[in-house]
DNA sequence: ACGGATGTTCGCGC
DNA sequence: CGCGCGAACATCCG
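Numbering (the numbering used here), first residue to last: 417 to 700.
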């Protein structure tokens, strides 16, 4: 459960679960999920605390509790927060648990252990180094197109890689970038420095549209689209659809590894080379 | 059975 | 210093 839309969804759920329900006890298993603080600190600092504020920064969740205690949570690729009613069995791969006054239990479940939990003390979210390193968040801050244009055009890296860089824009991952570039009609391999202002504007619009679409899909019922059983169809236009027909022009979607991640694109709607400007017939 | 998967970080080489 | 690449993390799913 990783990119901005899913983390936003998780933030809303956690906020609902924890508002007005104090933590009575906490336990964390000894796994690599705890980085920056130990399971012991988790178990010692959280009991008795209540949630004051919960904010999402890119893919990070920052839970500000009373008494100056802050819980930093990153879901990695497979992490999720799950609430269990009193007596219900734990989900698989529960790595940490918060027992609440109501009797329900919040589990942090993470099969692959790629997520992270850390307990911090007396810091403002913006002063946490991991948060301070993030670029603007498209949902809260919007996208500053002139700033993105300047940044993109100063780099020769593939636009896919630029957009996945959390210091450029916070919260985008492989899915959102793949979808946004398809919507914008821009090939993921295009060097940032080759992009026109209009293309960057189209990419910004594509990002916003893709995020909105994904949030709507999540709200409309499903958090599960990949691997969580085929019960829920893939809600994306091109992600994980290599070989299928482009939803716009019906040509076969292609796949390529860019920046170490699988990209899917339409070779016709997202041309790799900008179409040469028509030239006058050569003089003779 | 093999290959790939929503993320991040680290080491190595150029 | 910047950048690219591959590996690593641990498990699940088709």
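Note that CB positions come from ideal geometry on N, CA and C, so glycine has one too.
Asked                                                                                                                                                                                        : Found
Write down every uninterrupted run of the alpha helix (DSSP H) in the region 424-481 whose length is 4 residues or greater and which is fully enclosed by it, in chain order.                : 455-461
Considering Cα atoms alone, identify which of 672, 570 and 591 is closest to residue 580.                                                                                                    : 591
Which partner residues does residue 715 have in the DSSP bridge list?                                                                                                                        : Any property of residue 715 remains undetermined from this structure, which presents the chain solely from 417 to 700.
Residue 510 by DSSP, collapsed to three states: which one?                                                                                                                                   : strand
Per DSSP, residue 674 is paired with what?                                                                                                                                                   : 677
Can you confirm whether the region 569-579 touches the region 590-604 when touching is taken to mean that 3 or more C-beta pairs between the two stretches lie within less than 8 angstroms? : yes
Report all residues from its chain with a CB closer than 8 angstroms to the CB of residue 665; omit the five preceding and five following residues, and keep chain order.                    : 682, 684 and 685
Can you name the start and end residues of the beta strand (DSSP E) that residue 626 belongs to?                                                                                             : No beta strand (DSSP E) holds residue 626; the alpha helix (DSSP H) holding it covers 613-635.
Are residue 449 and residue 531 closer than 8 angstroms when you measure CB to CB?                                                                                                           : yes
Do you know offhand how far residue 643's Cα is from residue 492's?                                                                                                                          : Note on residue 643: pLDDT 46, under 50, position unreliable in the model; no value is reported.
Check for me: the beta strand (DSSP E) holding residue 532 runs from which residue to which?                                                                                                 : 532-537
Between the Cα of residue 436 and those of 426, 607, 525 and 482, spot the shortest distance and give me the residue it belongs to.                                                          : 482
Would you kindly work out how many angstroms separate the C-alpha atoms of residue 609 and residue 629, rounded to a whole number?                                                           : 28 angstroms
Taking the beta strand (DSSP E) that residue 485 falls in, what are its first and last residues?                                                                                             : 485-490
How do the region 488-502 and the region 523-530 stand: do at least 3 beta-carbon pairs fall below 8 angstroms, yes or no?                                                                   : yes
When burial is assigned at 16 or more other CB atoms within 10 Å of the CB, is residue 589 buried or exposed?                                                                                : buried
Looking only at C-alpha atoms, which of 676, 512 and 561 sits nearest to residue 361?                                                                                                        : The requested residue 361 does not occur in the structure, where the chain is confined to residues 417 to 700.
Looking at residue 495 and residue 524, is the spacing between their C-beta atoms short of 8 angstroms?                                                                                      : yes
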